[in-house]
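Report on the following structure.
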Amino acid sequence: MLLSLLFLVVPALSLPYSQREANYRALPDDVGAPGSKMKLVFANAVWRHGDRSPEQPLPGEGTDKFGEKDWTFGGGGYGELSPAGMNQQYIVGGKIGDRYMNQFNLLTPRYRSAEIYVRSTDYNRTLISAYSNLAGMYAGTEKTDGDLPSDVNGWPTAWVPIPVHTVVNKHDYAGNPDADCKRKSQVKQLILNSDEFIKYNNDPQVKATLDYLTEQSSQKSQGTVSIQNAYWFQDTMVCEDLHSEDLGGTNTEAKNWYPWFWNAGSIPDMLNNIVGKALDFQDGLANPNGVQGIDVSIEMPRMRAGETIGTIYDMIQGALYCYRDADNSSCRKFYKKRRYFALSAHDKTVAALLTLLGVKKYVIPLGYPDYAAATLIELYVNEETTEEYFKVLYLSGPDDNFKSVTNYVRGCPLTEEFCPLSVLKDIVDVYVPKPDMDTYCNTDVLPLQ
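If you want the numbering used here, it's the position in the sequence shown, counting the first as 1, plus 38.
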């Protein structure tokens with residue numbers, strides 16, 4: 039029975055993580071509209087780091103053919119950005135620079151500290167991704183007089199160090215959807231006890247797949263492969279496959295390292311399905327009727343991305359206020375010349391933000407954003423009417439170009455290029471935790487019994 043279930047046909051899905059719906063792939067590249075009455079005033083970017091080593095070995099003693107010592111790039115060890123990941127971010131940074139320096143003239147080609155503010159989660163891979171992205175963003179800089187040492191032998195040509203700010207990971211509610219939050223843990227437990235989760239967990243194909251992986255990976259002595267930890271199993275498998283040459287093999291040989299996985303019929307695709315469904319539960323998408331009277335489709339995005347969209351909206355409001363009246367003493371110095379905010383983060387960060395906006399199901403219907411995927415949220419002002427609008431753009435990776443997904447944002451017109459800023463305010467009013475994230479996280483989701 040187990041073997042027959044394992045070899046059932048399931049929809050073919052691309053590894054490592056995501057598939058893009060045909061309607062997203064068919065969208066035209068957004069190249070801006072020079073001469074338009076719509077003036078770009080401010081831009082926000084949130085991206086996933088580039089390619090990296092796995093964060094942990096395969097589960098079970100002796101299952102993984104490799105150990106942490108075998109991962110030598112990026113300083114060595116688990117979870118580090120690879121040279122390929124640096125290049126991915128360099129390319130994406132170049133696309134961002136081209137958009138905001140050449141297409142829209144929002145930023146000057148030469149780094150000006152008052153114009154941009156960059157933040158990262160406190161991980162090596164996200165910090166180095168930010169540095170790599172900024173290197174690509176300002177790669178066209180020709181004039182650097184006074185910005186870098188002129189008499190240092192060997193200094194990289196035209197490279198100006200740009201600061202990237204960070205905060206403690208467990209309190210980074212904007213960049214880390216898994217930051218400490220008691221209320222979020224309570225809602226997660228409600229989801230794990232929900233009828234929808236129990237039904238999915240008991241699905242014969244799901245159960246057979248997880249049981250098979252547990253058996254093959256010698257995981258039984260340390261627990262089981264489950265819906266909750268399936269991501270890490272897939273992540274390590276895919277990282278080792280992608281980096282087979284770094285590990286001393288070839289693409290063909292890599293599949294032979296774990297034939298019980300790669301040659302096991304529908305197992306890789308089933309695992310991909312399970313990982314994608316786990317994310318849906320995690321982000322509140324898989325319980326449409328709520329759980330015990332709690333609307334988890336609001337609660338989870340609020341706690342996983344509410345601070346992200348709140349930070350972005352604060353940036354927009356600060357920049358807009360100064361745009362309206364830059365000479366007013368109430369215009370904070372931080373925003374006076376600020377034009378760009380970036381957050382270097384993770385697949386789960388981008389996924390949670392897209393979920394909150396209502397966009398993810400159209401852009402990534404199953405699974406996580408790929409390496410170096412990026413979301414832009416831009417502020418525009420109609421120079422004729424002074425009305426305020428925004429756009430949301432998505433780039434699935436370095437080989438893609440930015441496409442407008444504004445029409446997919448909850449509450450935005452289906453046929454208009456721009457969306458009234460009031461719609462974003464409505465989203466913020468619903469999803470930003472009140473009165474603040476710390477207080478909200480320490481408020482029980484259900485009355486204590």
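Cβ coordinates follow ideal geometry from the N, Cα and C atoms, glycine included.
Problem - residue 398 burial status per 10 Å Cβ neighbour count (16 or more: buried) - result: The residue given as residue 398 occupies position 360 in the sequence shown. Taking all protein chains in view, the Cβ of residue 398 is crowded by 16 or more other Cβ atoms within 10 Å, so the residue is classified as buried.
Practice task
Return the CA-CA distance between residue 392 and residue 401, expressed in angstroms with no decimal places.
Solution key: In the sequence shown, the residue the question calls residue 392 occupies position 354. In the sequence shown, the residue the question calls residue 401 occupies position 363. Rounded to whole angstroms, residue 392 to residue 401 spans 9 Å at the Cα level.
Practice task
Tell me, please, which residues DSSP counts as bridged to residue 90.
Solution key: For the purposes of this step, residue 90 is identified with residue 52 of the sequence shown, where counting begins at 1. According to DSSP, residue 90 shares a beta bridge with 119.
Problem - Selected residue, minimal CA-CA separation from residue 70, among 446, 429, 101 - result: Taking the sequence shown and counting its residues from 1, the one referred to as residue 70 is at position 32. Residue 429 is the option with its Cα nearest to residue 70.
Practice task
Tell me whether residue 299 sits in a helix, a strand or coil according to DSSP, three-state version.
Solution key: Sequence index remark: in the sequence shown, residue 299 carries index 261 (1-based). If DSSP states are grouped into helix, strand and coil, residue 299 belongs with the helices.
Practice task
Could you pull out every residue in the same chain whose Cβ sits closer than 8 Å to the Cβ of residue 376, ignoring the five residues on either side in sequence?
Solution key: In the sequence shown, counting from the first residue as 1, residue 376 sits at position 338. Excluding positions up to five away in sequence, the list reads 80, 152, 153, 154, 155, 353, 356, 357, 360.
Exercise for the section: Tell me whether residue 83 sits in a helix, a strand or coil according to DSSP, three-state version. Expected result: On the sequence shown, position 45 is the one that residue 83 refers to. Three-state DSSP puts residue 83 in a strand.
Handout entry: Distance between beta carbons of residue 131 and residue 172, contact taken as under 8 Å
Key = The residue given as residue 172 occupies position 134 in the sequence shown. The residue given as residue 131 occupies position 93 in the sequence shown. Yes, residue 172 and residue 131 are in contact; Cβ-Cβ is about 6 Å, under 8 Å.
Practice task
May I have the straight-line CA-CA distance separating residue 240 from residue 300, to the nearest angstrom?
Solution key: For the purposes of this step, residue 240 is taken as the residue at position 202 of the sequence shown. For the purposes of this step, residue 300 is taken as the residue at position 262 of the sequence shown. If you draw a straight line from the Cα of residue 240 to the Cα of residue 300, it comes to about 24 Å.
Handout entry: Distance, residue 157 Cα to residue 203 Cα
Key = As a first step, residue 203 is located in the sequence shown; it is residue number 165 there, counting from the start. As a first step, residue 157 is located in the sequence shown; it is residue number 119 there, counting from the start. Answer to the nearest angstrom: the Cα atoms are 5 Å apart.
Problem - residue 134 beta carbon less than 9 Å from that of residue 175 - result: The residue you call residue 175 lines up with position 137 of the sequence shown. The residue you call residue 134 lines up with position 96 of the sequence shown. Result yes, Cβ atoms of residue 175 and residue 134 sit closer than 9 Å.
Exercise for the section: Give the DSSP-derived three-state secondary structure of residue 200 in the structure shown. Expected result: To locate residue 200, count along the sequence shown from 1; it is residue 162. The DSSP-derived three-state label of residue 200 is coil.
Handout entry: Buried/exposed call for residue 123, threshold 16 Cβ in 10 Å
Key = Indexing the sequence shown from 1 puts residue 123 at position 85. By the neighbour-count rule (16 or more Cβ atoms within 10 Å), residue 123 is buried.
Exercise for the section: Report, in whole angstroms, the separation of the C-beta atoms of residue 92 and residue 62, which I expect to be a contact under 8 Å. Expected result: Here the question's residue 92 lines up with position 54 in the sequence shown. Here the question's residue 62 lines up with position 24 in the sequence shown. In this structure, residue 92 and residue 62 do not form a Cβ contact; the two beta carbons are roughly 28 Å apart against a cut-off of 8 Å.
Practice task
Look up residue 376 in the DSSP assignment and say whether it is helix, strand or coil.
Solution key: Within the sequence shown, the letter at position 338 stands for residue 376. Residue 376 falls in the coil class under three-state DSSP.
Handout entry: Three-state secondary structure assigned by DSSP to residue 413
Key = Reading the sequence shown from its first residue, position 375 is the one you call residue 413. The answer is strand: DSSP assigns residue 413 an E or B state.
Handout entry: Proximal residues to residue 348 (C-beta, below 7 Å), its chain only, five neighbours per side dropped
Key = Reading the sequence shown from its first residue, position 310 is the one you call residue 348. Excluding sequence neighbours, residue 348 sits near 466, 470.
Practice task
Hey, could you find the ends of the alpha helix (DSSP H) residue 428 is sitting in?
Solution key: Along the sequence shown, read from residue 1 onward, the residue named residue 428 stands at position 390. Note, residue 428: premise wrong, no alpha helix (DSSP H); beta strand (DSSP E) at 426 to 433.
Practice task
Could you check how far apart the C-beta atoms of residue 386 and residue 215 are, in whole angstroms? I think they sit under 8 Å.
Solution key: In the sequence shown, the residue the question calls residue 386 occupies position 348. In the sequence shown, the residue the question calls residue 215 occupies position 177. Contact check for residue 386 and residue 215: beta-carbon distance about 5 Å, within the 8 Å limit, so the pair qualifies.
Handout entry: Check whether residue 277 and residue 90 have beta carbons under 9 Å apart
Key = As a working mapping, residue 277 is identified with position 239 in the sequence shown. As a working mapping, residue 90 is identified with position 52 in the sequence shown. Contact: yes.
Problem - Extent of the continuous beta strand (DSSP E) run through residue 448 - result: Looking up residue 448 in the sequence shown gives position 410. For residue 448, there is no enclosing beta strand (DSSP E), since its DSSP letter is neither H nor E.
Problem - Straight-line Cα distance separating residue 475 from residue 250 - result: The count along the sequence shown starts at 1 and reaches residue 250 at position 212. The count along the sequence shown starts at 1 and reaches residue 475 at position 437. Near 41 Å, if we compare the C-alpha coordinates of residue 475 and residue 250.
Handout entry: Three-way DSSP call (helix, strand, coil) for residue 279 in this model
Key = Counted from its first residue, the sequence shown places residue 279 at position 241. Helix.
Handout entry: Whole-number beta carbon distance between residue 322 and residue 304, since they are thought to touch under 8 Å
Key = Indexing the sequence shown from 1 puts residue 304 at position 266. Indexing the sequence shown from 1 puts residue 322 at position 284. The Cβ separation is near 28 Å, so there is no contact.
Exercise for the section: With residue 342 as the anchor, note down where its alpha helix (DSSP H) starts and where it stops. Expected result: In the sequence shown, the residue the question calls residue 342 occupies position 304. First-last of the alpha helix (DSSP H) with residue 342: 334 to 362.
Practice task
Under 6 Å Cβ to Cβ from residue 141, same chain only, skipping five residues before and after it: list those, please.
Solution key: For the purposes of this step, residue 141 is taken as the residue at position 103 of the sequence shown. Contacts found: 70.
Problem - Test item: CB-CB of residue 167 and residue 109 under 9 Å - result: Your numbering for residue 167 matches position 129 in the sequence shown. Your numbering for residue 109 matches position 71 in the sequence shown. The answer is no: Cβ separation not under 9 Å.
Exercise for the section: Compute the Euclidean distance between the alpha carbons of residue 60 and residue 403, then round it to the nearest angstrom. Expected result: In the sequence shown, counting from the first residue as 1, residue 60 sits at position 22. In the sequence shown, counting from the first residue as 1, residue 403 sits at position 365. Residue confidence for residue 60 is low, a pLDDT of 49 falling below 50, so the modelled location carries little weight; the figure read from the coordinates is stated next. The C-alpha of residue 60 lies about 11 Å from the C-alpha of residue 403.
Exercise for the section: Tell whether a beta-carbon distance below 9 Å holds between residue 118 and residue 212. Expected result: Looking up residue 118 in the sequence shown gives position 80. Looking up residue 212 in the sequence shown gives position 174. No, these two residues do not count as a Cβ contact at 9 Å.
Exercise for the section: Please name the residue, chosen from 442, 462, 463, 464, that lies closest to residue 454 on a Cα-to-Cα basis. Expected result: Counted from its first residue, the sequence shown places residue 454 at position 416. Closest option to residue 454, Cα to Cα, is 442.
Handout entry: Strand pairing of residue 383, partner residues [DSSP]
Key = Position 345 of the sequence shown holds residue 383. The partner list for residue 383 (beta bridge, DSSP) reads 86.
Practice task
Measure the CB-CB distance between residue 248 and residue 350 and report whether it falls below 9 Å.
Solution key: Sequence index remark: in the sequence shown, residue 248 carries index 210 (1-based). Sequence index remark: in the sequence shown, residue 350 carries index 312 (1-based). Taking C-beta atoms as the reference points, residue 248 and residue 350 fail to come closer than 9 Å.
Exercise for the section: Could you name the residues of the same chain whose beta carbon sits closer than 8 Å to that of residue 57, not counting the 5 residues immediately before and after it, in chain order? Expected result: On the sequence shown, residue 57 is found 19 positions in, with the first residue counted as 1. Unreliable positioning characterises residue 57 in this predicted model, as indicated by a pLDDT of 41, which lies under 50. The coordinate reading is nonetheless provided below. 51, 402, 403, 404, 405.
Exercise for the section: Look at the alpha carbon of residue 396 and the alpha carbon of residue 445, and state the distance between them as a whole number of angstroms. Expected result: In the sequence shown, residue 396 corresponds to position 358, counting from 1. In the sequence shown, residue 445 corresponds to position 407, counting from 1. About 10 Å.
Handout entry: Closest by C-alpha distance to residue 169, when choosing among 484, 218, 201, 438
Key = On the sequence shown, residue 169 is found 131 positions in, with the first residue counted as 1. When only C-alpha atoms are compared, the closest one is 201.
Practice task
Classify residue 59 as helix, strand or coil using the three-state DSSP reduction.
Solution key: For the purposes of this step, residue 59 is taken as the residue at position 21 of the sequence shown. Per-residue confidence for residue 59 stands at a pLDDT of 49, beneath the threshold of 50, marking its modelled position as unreliable; no derived number is given.
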